[in-house]
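K.L.:
For the sequence shown, the working numbering gives the first residue as 30, with consecutive numbering after it.
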Amino acid sequence: MSLHSTSRRSLFRRGLVALATAATLLAGGLIAAPAAQAIPLVDTDERDGTTFTTRMYAKGSTISGAVDNDILWDPPSFRYLVDLGWTGGKLRSFDGVVTLQRVGSTNVRRFPLMVDERGNRTRTVDLPGTIDLGFYRVGIEFTAGVQRPDGQVNWHRVNVNNVKTVSIRRATELQGAISNHTATDGRPSRITGTVRGFRIGDDGDLSWRTLHSGTVHLSYDPDGPVLDEERNVYVRELTIGSDGTFSTVVPAHDRWWKLTYAGSDRFAGSMMWLPQGDYEGCGC
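Okay, here's the thing in structure tokens:
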């Protein structure tokens with residue numbers, strides 16, 4: 030069956046977008062804000078003619094790596110960006126830490142905070158591989174002395190234990206397939222799949238392990254995986270069974286089915302596309 034012109038244009042466009050989507054998913058990490066105003070305001074402290082402003086942003090990490098050769102690409106870590114500003118004098122003293130506290134825990138980790146002459150600092154903090162997965166509060170504590178023109182030093186103190194909540198989670202991988210993948214006549218087509226979670230063994234061995242709980246959302250987009258024309262149509266929620274699989278039956282149509290695993294407190298989300306109809310290639 031030959032492709033009509035719209036399908037040919039769509040295939041070309043989807044191929045380009047698939048590459049762009051892959052690049053987007055691989056490009057992790059913190060994007061530095063172009064201006065201080067883009068960094069969330071944490072605190073403003075005023076003391077007899079001097080003002081100290083604290084801005085901060087933080088981001089967690091998704092642990093992943095290459096299981097074939099046991100190379101850990103992304104170890105557990107968190108990244109923060111601090112932007113401090115002051116008026117009414119010169120900064121003469123600064124002593125601070127960045128804090129990390131798991132939600133639900135009383136234990137607080139403290140990491141020394143040193144800023145440059147402009148009050149800026151960006152740092153990635155590597156965490157031990159045994160750190161508990163989940164959500165963490167990133168905070169900031171410091172004492173700063175600002176000297177006024179008359180020589181008097183005003184002391185500013187900031188202690189905010191939850192500037193931002195970040196996650197330390199493991200990567201996941203969705204695997205799926207659809208029967209009658211070239212059919213478009215409405216016949217029953219079964220979608221099946223699994224979700225695998227990244228695992229680090231006690232000996233450092235890396236592997237993927239099938240998850241045996243959770244949910245996967247099924248939807249489709251009339252335009253396919255096109256970032257600038259996303260029009261997802263929700264279909265239903267699929268439950269991952271105790272055997273580690275999910276399954277459902279849909280009518281065969283010329284469309285791109287989308288599977289999305291939202292993630293949990295331990296595992297990051299993931300997604301994949303399953304093309305059905307007059308398409309060449311595979312899901313992306």
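Every residue gets a Cβ at the ideal spot worked out from N, C-alpha and C, and that includes glycine.
Let me make sure I understand the geometry here. Which of 187, 83, 235, 279 has the alpha-carbon closest to that of residue 112?
P.N.:
The shortest Cα separation from residue 112 among 187, 83, 235, 279 belongs to 83.
K.L.:
Between the C-alpha atoms of residue 67 and residue 127, what's the straight-line distance to the nearest angstrom?
P.N.:
Cα-Cα distance, rounded: 20 angstroms.
K.L.:
Distance, Cα to Cα, residue 266 vs residue 249?
P.N.:
If I take the Cα positions, the gap works out to 13 angstroms.
K.L.:
Over what stretch of residues does the beta strand (DSSP E) that includes residue 280 continue unbroken?
P.N.:
274-280 is the extent of the beta strand (DSSP E) around residue 280.
K.L.:
Provide the residue span of the beta strand (DSSP E) that contains residue 75, from first to last.
P.N.:
Its beta strand (DSSP E) spans residues 70-76.
K.L.:
Among residues of its own chain, excluding the 5 on either side of residue 93, which ones have a beta-carbon nearer than 6 angstroms to its beta-carbon?
P.N.:
Here the set comprises 102, 103, 200, 227.
K.L.:
Just the C-alpha distance for residue 305 and residue 145, rounded to the nearest angstrom, thanks.
P.N.:
Roughly 55 angstroms separates the two Cα atoms.
K.L.:
Pick from 198, 286, 253: whose alpha carbon is nearest that of residue 292?
P.N.:
Ranking the options by Cα distance to residue 292, first place goes to 198.
K.L.:
Between the segment 280-289 and the segment 208-219, do three or more beta carbon pairs fall short of 8 angstroms?
P.N.:
Yes, the segment 280-289 touches the segment 208-219.
K.L.:
How far does the beta strand (DSSP E) with residue 84 in it reach, from first residue to last?
P.N.:
Residues 79-88.
K.L.:
Can you tell me whether residue 291 is helix, strand or coil according to DSSP?
P.N.:
Looking at residue 291 - three-state DSSP - the assignment turns out to be coil, as it is neither helix nor strand.
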